[in-house]
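What follows is one structure encoded as structure tokens, with my remarks underneath.
Protein chains: 2
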Amino acid sequence: MPKNEFTCDCNVIHKDVVDNTIKNMPNEDLFNKLAEFFKILGDTTRVKILFALDQNEMCVCDIANVLGMSKSSISHQLGTLRRSGIVKCRKSGKEVFYMLDDEHVKQVFEIGVQHIEHRR
Amino acid sequence: MPKNEFTCDCNVIHKDVVDNTIKNMPNEDLFNKLAEFFKILGDTTRVKILFALDQNEMCVCDIANVLGMSKSSISHQLGTLRRSGIVKCRKSGKEVFYMLDDEHVKQVFEIGVQHIEHRR
DNA sequence: TTGACAGTTGAATAAGTATTCACATATAAT
DNA sequence: ATTATATGTGAATACTTATTCAACTGTCAA
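As you go down the protein sequences, you meet chains U and A in turn.
Take the first sequence: its position 70, counted from the start at 1, is 69 in numbering that gives the first Met the number 0, and no numbers get skipped.
Take the second sequence: its position 88, counted from the start at 1, is 87 in numbering that gives the first Met the number 0, and no numbers get skipped.
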């Protein structure tokens, strides 16, 4: 994590480009949220969960079975995804059904998938 | 990381959904690449670098100045981004100019930015 | 009320990673 | 050749985090 503006150990080579870029940089908050968003997507287990939920809403046990993992592990990851606004859920009796939070999330995820499929 | 199909500790509740989802799951390789791609984007420093490169190609020192960080740190991150096919570079004398690798990367990144800006 | 099952959660361990430091390489200018 | 500058990189440290384990809550059925 950057500490302050004096951490840099070299000269400005292209002053105009540097000045202009600094002028256009959004605030720290946007970068933190953006990185956090991508970071949440950047885990094999979570990506698999999202791929499953991109097709059907599913309960915890079903997801655990699809991925061959423990309920606890899946529940932890779903909690992470929910707190990040990437999935939401609805309760029905003993079961909790999870789904992608909105169309926007769905779109970003699917473009990511296309990006990878496009590259091989 | 999942070990095998017997790691799951609960019953299948909705057999049709589970079977169908398993049938549609891509191979492990796609999930790993997809997660890796998002993971690389999921760091505040790298997101800032990409935001800068989304406007201009820039050399290492200029990026270090824009972010207020050391050359070494920036160089390490640029190496990570380059090995992942997210940025590319061209040499010019002593300097190395970095830029986003292609339009696809640019698009995914910008949609991510829109996603965050949309949410506040 | 008792048992069974779906899901959640805190703590601990194990694995991964960003930055720093010290040094190496490469190019240009004197 | 020598110096200065731009960049790359291996190792170490500090920090983060995914999964497991063990407990817990809540709901349904007998």
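Backbone N, C-alpha and C define an ideal beta-carbon position, used for all residues, glycine too.
Bear in mind that the values here come from a model prediction, so they are computed numbers and not experimental data.
Across the set U/Glu94, U/Lys93, U/Thr79, U/Met98, the C-alpha of U/Met98 shows the shortest separation from the C-alpha of U/Lys87. In chain order, Ala63 place their CB closer than 7 Å to the CB of U/Ser69, counting only its own chain and leaving out the 5 sequence neighbours on each side. For A/Val65, there is no enclosing beta strand (DSSP E); the enclosing alpha helix (DSSP H) covers residues 59-66. Per DSSP, the continuous beta strand (DSSP E) segment holding U/Val95 begins and ends at 94-99. Membership of A/Val11 in any alpha helix (DSSP H) is not indicated, and neither H nor E is assigned to it by DSSP.
Rounded to whole angstroms, U/Gln76 and A/Gln76 show a C-alpha spacing of 27 Å. One finds Lys47, Phe50, Ala51, Val65 in chain A with Cβ atoms closer than 8 Å to the Cβ of U/Met24, taken in chain order.
It is roughly 44 Å from the alpha-carbon of U/Ile73 to the alpha-carbon of U/Val17. Put simply, the CB of U/Ile12 is near chain A, with a gap under 8 Å to one of its CB atoms. Assigned with DSSP and collapsed to three states, U/Arg118 falls in coil, not helix or strand.
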